[in-house]
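As given, the protein sequences belong to chains B and E, one line each in that order. Heads up: the first sequence begins at 0 in numbering that gives the first Met the number 0, then just goes up one per residue. Heads up: the second sequence begins at 0 in numbering that gives the first Met the number 0, then just goes up one per residue. Backbone N, C-alpha and C define an ideal beta-carbon position, used for all residues, glycine too. Being a predicted model, the structure only gives us computed values, none of them experimental.
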Amino acid sequence: MSGAAELAALLAKAADGDRVAFRDFYDRTSAKLFAVVLRILGERGEAEDVVQEVYVTIWRKAAEFDSTRASPITWTTTIARNRAIDRLRSKKLRPAAPLDDAGMVADSAPLADALVDSARGAVAVHRVLAELEPKQAAAIRSCYFEGLTYEELAARDGVPVGTLKSWVRRGILKMRDAMEREACR
Amino acid sequence: MPVNTGAPQGEPQGPEMTGDAALAMELALGVLAREERRAAQLRMAREPAFRAEVERWQALLAPLDGDTAPVAPPAGLWAAIEAETAPALAPAAAALPAKQSIWESLAFWRGMALAGPALAAGALVLLMPAPAPLVAPQVAVAAPPSLLAARLAAEDGTPLLAATYDPLRGTVVLTAAATRDDADLVPQLWVIEGSEKPRSLGVITLGQPVALGVSGALGVRPGAILAVSLEPLGGSPTGQPTGPVVATGVLSPV
């Protein structure tokens, strides 16, 4: 299991040039990052390019990681999602059925929950999503996991853009309020 | 929080985010289209409050990634990362092609045609009309008024360009770590003052002087941000950055 503290310690060593620690960090996080990027890009070759870029960035920016601002896995997945979405936006067309592709090649390594910030955070976010109206929750999930724009998702689901935007904005605000209540429990 | 009164009837009611609050959320969620995304990323680079708001949303949404089942990357991926991050004098780095440069090692440049010869410390001069008649140059040597400089670095902190603005001559001199050459995209230089929209200083042809319009000199002052984005040939079609922002830096007096 890779707790946030262990990952943060590995990043700190990597920042000092410790390549063994960086390799360890890669081994613990790469299947998760690859999955997140593949889910957005839907194509393995593109995902490999992006994940390579992401780890080069992590190596160079390791000293900038600040555990008071983000957990190590939030920091790294944020870099990965940003790069993947930048790549997606620079392409003209989106490949079909990324979700199915990602599902088909799923790896069985038992890391799924290990890299979540905390089991509690993951449970909370899903409980909160389940409390939203289904169409709001579905829209938020599609935007987040597939990197779709409002326009793309609206066209795919046959919903007016304004309506979809309203679902996401209202839904995510409810989500934030509920998460804040969860945090106070 | 402003309430949107224009929601379609029968839709879920409740407050809806607008303006910057919505923009920060939408950048973190990843729904912005290319140009809106670029503009929001530029704001993140220059507005700490906006950046903090985006980071709050990133942290809130991050647990969703626990949903994504891990997928093992190909075995060769680590070797590629290791080669790219190896210390300069390590055997792995020495084995890299001689043309490997800091530009080419950047994420943004990979996947494009990279046939250009590396030009170490190549300087290019951007000629701009002088804003005022030249003062006697001999005198200026003693105390040149408000010479401005900026170090332009990539998102990961890698320095890419050094820029120096000489108000007497009305020129910006950019010194690049290396040059590049690809068929589809050209670097374009922008200046951003405070919350103003980015203003183009022109397309940069590395290794060649580029003449800029008079308006290029406007806004080039201390505290302004210089940014380089990659744009289609001929420059941004919209007058705003549309491609990836590869380097940014703040102008300050020398």
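Can you tell me whether residue i is buried or exposed? The criterion is at least 16 other CB atoms within 10 Å of its CB, across all chains shown.
i, result
"residue 232/E", "exposed"
"residue 67/B", "exposed"
"residue 90/E", "With a pLDDT of only 38 at residue 90/E, under the threshold of 50, the placement of this residue in the model should not be trusted, and no figure is reported."
"residue 154/B", "exposed"
"residue 48/B", "buried"
"residue 24/B", "buried"
"residue 85/B", "buried"
"residue 32/E", "exposed"
"residue 209/E", "Note that residue 209/E has pLDDT 47, beneath the 50 cutoff, so the model's placement of it is unreliable and the number below is only indicative. Buried: at least 16 other Cβ atoms inside 10 Å."
"residue 187/B", "Any property of residue 187/B remains undetermined from this structure, which presents chain B solely from 0 to 184."
Between residue i and residue j, is the Cβ-Cβ spacing less than 9 Å?
i, j, result
"residue 47/E", "residue 146/E", "no"
"residue 174/B", "residue 131/B", "yes"
"residue 125/B", "residue 64/E", "no"
"residue 222/E", "residue 202/E", "no"
"residue 69/E", "residue 83/B", "no"
"residue 54/B", "residue 80/E", "yes"
"residue 173/E", "residue 188/E", "yes"
"residue 190/E", "residue 229/E", "no"
"residue 20/B", "residue 33/B", "no"
"residue 172/B", "residue 149/B", "no"
"residue 40/B", "residue 30/E", "no"
"residue 28/B", "residue 73/B", "no"
"residue 58/E", "residue 50/E", "no"
"residue 20/E", "residue 54/E", "no"
Under the assumption that residue i contacts residue j (Cβ atoms under 8 Å), give the Cβ distance between them as a whole number of angstroms.
i, j, result
"residue 247/E", "residue 34/E", "Not really, about 17 Å apart at Cβ, beyond 8 Å."
"residue 56/E", "residue 23/E", "6 Å"
"residue 152/E", "residue 162/E", "Not quite, the Cβ-Cβ distance comes to about 11 Å (not below 8 Å), so this is no contact."
"residue 88/B", "residue 36/E", "6 Å"
"residue 169/B", "residue 15/E", "5 Å"
"residue 145/B", "residue 38/B", "7 Å"
"residue 238/E", "residue 199/E", "7 Å"
Report the option in the options whose CA atom is closest to the CA atom of residue i.
i, options, result
"residue 197/E", "219/E, 26/E, 162/E and 74/E", "219/E"
"residue 245/E", "70/E, 186/E and 192/E", "186/E"
"residue 59/B", "70/B, 39/B and 78/B", "78/B"
"residue 186/B", "22/B, 181/B, 13/B and 76/B", "In the structure displayed, chain B extends from 0 to 184; residue 186/B sits before or after that span and is not available."
"residue 36/B", "71/E, 189/E, 194/E and 37/E", "71/E"
"residue 186/B", "84/E, 60/E, 160/E and 73/E", "Because chain B in this structure spans residues 0 to 184, residue 186/B falls outside the shown range and cannot be described."
"residue 8/B", "43/B, 61/B, 34/B and 163/B", "61/B"
"residue 27/E", "140/B, 159/B, 50/B and 160/B", "140/B"
"residue 84/E", "3/B, 14/B, 134/B and 165/B", "14/B"
So what does residue i bridge to, in DSSP terms?
i, result
"residue 248/E", "225/E"
"residue 189/E", "199/E and 226/E"
"residue 152/E", "158/E and 247/E"
"residue 147/E", "164/E and 252/E"
"residue 231/E", "184/E"
Against chain D, which members of the region 2-23 of chain B pass a CB distance test of less than 9 Å? The displayed structure is made up of protein chains B and E, and chain D is not among them.
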